[in-house]
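Student: Please find one structure pasted underneath; my questions will follow.
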Amino acid sequence: MKFSLGAIQYFWPKQVVENFYQQAADSSVDIVYLGETVCSKRRELKFEDYMAIAHMLREAGKQVCLSTMTLLEAPSELRELRKYCDNGEFLVEANDVGAIPYLQEHKVPFVAGAAINCYNQHTLRKLMSLGMSRWVMPVELSREWLAKLLEQPMVHDVRDCFEVEVFALGHMPLAWSGRCFTARSENRPKDQCELVCINYPEGRPVTSQEGQQVFVLNGIQTQSGSRYNLVNQLPNMDGLVDVVRLSPQLVGTFDWLEKFRANVAGGAPQRLDKNDSNGYWLALAGLVQQLD
1 MKFSLGAIQY
11 FWPKQVVENF
21 YQQAADSSVD
31 IVYLGETVCS
41 KRRELKFEDY
51 MAIAHMLREA
61 GKQVCLSTMT
71 LLEAPSELRE
81 LRKYCDNGEF
91 LVEANDVGAI
101 PYLQEHKVPF
111 VAGAAINCYN
121 QHTLRKLMSL
131 GMSRWVMPVE
141 LSREWLAKLL
151 EQPMVHDVRD
161 CFEVEVFALG
171 HMPLAWSGRC
181 FTARSENRPK
191 DQCELVCINY
201 PEGRPVTSQE
211 GQQVFVLNGI
221 QTQSGSRYNL
231 VNQLPNMDGL
241 VDVVRLSPQL
251 VGTFDWLEKF
261 RANVAGGAPQ
271 RLDKNDSNGY
281 WLALAGLVQQ
291 LD
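So in the UniProt record's numbering, spot 74 of the sequence shown is number 74, and the numbers just go up one at a time.
Structural data, given as structure tokens:
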């Protein structure tokens, strides 16, 4: 089982990002995803900066994958997308199907991100025919669903041709919108947001009238209010999951990486925080935390 760091979902200052990836280079992580996946206005790092980080990580022995935007809204974003697809060196995670024709044009294998709606064996086999080499399962699906899908003959016959990756730590990305919720929460129009996301390095929490944190606003992205944490579910991923993804957090990411590694076989179970959840993996409501 390999462990990956997903692309940073939040808007962090350039120096914070560079420091984070230096820690990643020194860590035990196997795969690192790089790139802005949420909002093209977040330009603390440009494509050239990500490429420099990618080279540094590759020299440290990490597999690097460049992640593309999830919601494409403008011609400028398509031009930037092309840069990622044409990078010529690194694997690409396609988070929007618009990236796939570019990658197929160059016969470049790709990772199908969790935002691509792949819910059955027909779609999965189609993505494989287009060049997919790794598939990130949609975050709301369960172990039971995954097991049944992989048993389907048209998938089972080619199972050794692609990897399965599962989002296992972090606030789950649930939806994207043309509106910027973080800007709206400060009474700013999207086009005059003044990049307020940088003031919320872990997103902006939304609570119910009962005081429960139900969502996290992250620009145009809506995340789960609870932190998804599958550290104690690793033993039942055996035989199904090849790569376990941790989403970068401002604090504690690499501590959790080691906790995950220690519990691959179930020998070092962890106590979950009260705001952690694991319901989706267990085919329960997403906010549920079931203790083993």
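C-beta atoms are modelled at their ideal positions from N, C-alpha and C, and glycine is treated no differently. Small disclaimer: the values here were computed from a predicted structure and weren't measured.
#1: Going by the CB atoms, is the gap between residue 147 and residue 240 shorter than 8 Å?
#2: Tell me where the alpha helix (DSSP H) around residue 19 begins and ends.
#3: I need the boundaries of the beta strand (DSSP E) containing residue 137, first residue and last residue.
#4: May I have the straight-line CA-CA distance separating residue 6 from residue 153, to the nearest angstrom?
#5: Per DSSP, residue 276 forms a beta bridge with which residues?
#6: Leaving out five residues before and five after residue 200 in sequence, what residues of the same chain have Cβ atoms less than 6 Å from its Cβ?
#7: Which residue or residues does DSSP assign as beta-bridge partners of residue 170?
#8: If you measure between the beta carbons of residue 44 and residue 14, is that distance less than 8 Å?
#9: Report the rounded CA-to-CA distance for residue 293 versus residue 234, giving the unit in angstroms.
#10: Does the Cβ-Cβ distance between residue 29 and residue 67 come in under 8 Å?
#11: Between the Cα of residue 250 and those of 1, 156, 18, spot the shortest distance and give me the residue it belongs to.
#12: Classify residue 31 as helix, strand or coil using the three-state DSSP reduction.
#13: Are residue 135 and residue 118 closer than 8 Å when you measure CB to CB?
#14: What is the DSSP secondary structure of residue 94, counted as helix, strand or coil?
#15: According to the neighbour-count rule (16 or more other Cβ atoms, all chains shown, within 10 Å of its Cβ), is residue 75 buried or exposed?
#16: Can you give me the C-alpha to C-alpha distance between residue 79 and residue 262, rounded to a whole angstrom?
#17: What is the DSSP secondary structure of residue 288, counted as helix, strand or coil?
#18: May I have the straight-line CA-CA distance separating residue 212 from residue 286, to the nearest angstrom?
#19: From what residue to what residue does the beta strand (DSSP E) around residue 233 run?
#20: Leaving out the 5 sequence neighbours to the left and right, which residues in its chain are closer than 8 Å to residue 216 when beta-carbon positions are compared?
#21: Drop a sphere of 10 angstroms on the beta-carbon of residue 294, count the other beta-carbons inside from all chains shown, and report buried for 16 or more, exposed for fewer.
#22: May I have a chain-ordered list of the beta strand (DSSP E) segments no shorter than 3 residues that lie completely inside the stretch 145-216?
#23: First and last residue of the alpha helix (DSSP H) that includes residue 104?
#24: By Cβ distance, which residues of its chain are closer than 7 Å to residue 57, with the 5 residues on each side in sequence left out?
#25: Assuming residue 260 is part of the alpha helix (DSSP H), what are its boundary residues?
#26: Quick check on the burial criterion: 16 or more other C-beta atoms within 10 angstroms. Buried or exposed for residue 101?
#27: Whose CA, out of 169, 156, 92, lies closest to the CA of residue 132?
#28: So for residue 72, helix, strand or coil by DSSP?
#29: Throw me the rounded Cβ distance for the residue 242 and residue 151 pair, which I believe falls under 8 Å.
Tutor: According to the data block:
#1: yes
#2: 14-26
#3: Residue 137 -> no beta strand (DSSP E), and no H or E assigned at all.
#4: 30 Å
#5: 227
#6: none
#7: 228
#8: yes
#9: This structure does not reach residue 293, given that the chain is present from 1 up to 292, and the question cannot be answered.
#10: no
#11: 18
#12: strand
#13: yes
#14: strand
#15: exposed
#16: 42 Å
#17: coil
#18: 14 Å
#19: Note, residue 233: premise wrong, no beta strand (DSSP E); not H, not E.
#20: 171, 202, 203, 204, 205, 206, 222, 223, 224, 225
#21: A question about residue 294 goes unanswered here, because the residues of the chain that appear run from 1 up to 292.
#22: 163-176, 204-207
#23: 99-105
#24: 21, 24, 25, 32, 64
#25: 253-262
#26: exposed
#27: 92
#28: coil
#29: Not confirmed; about 16 Å, so no contact.
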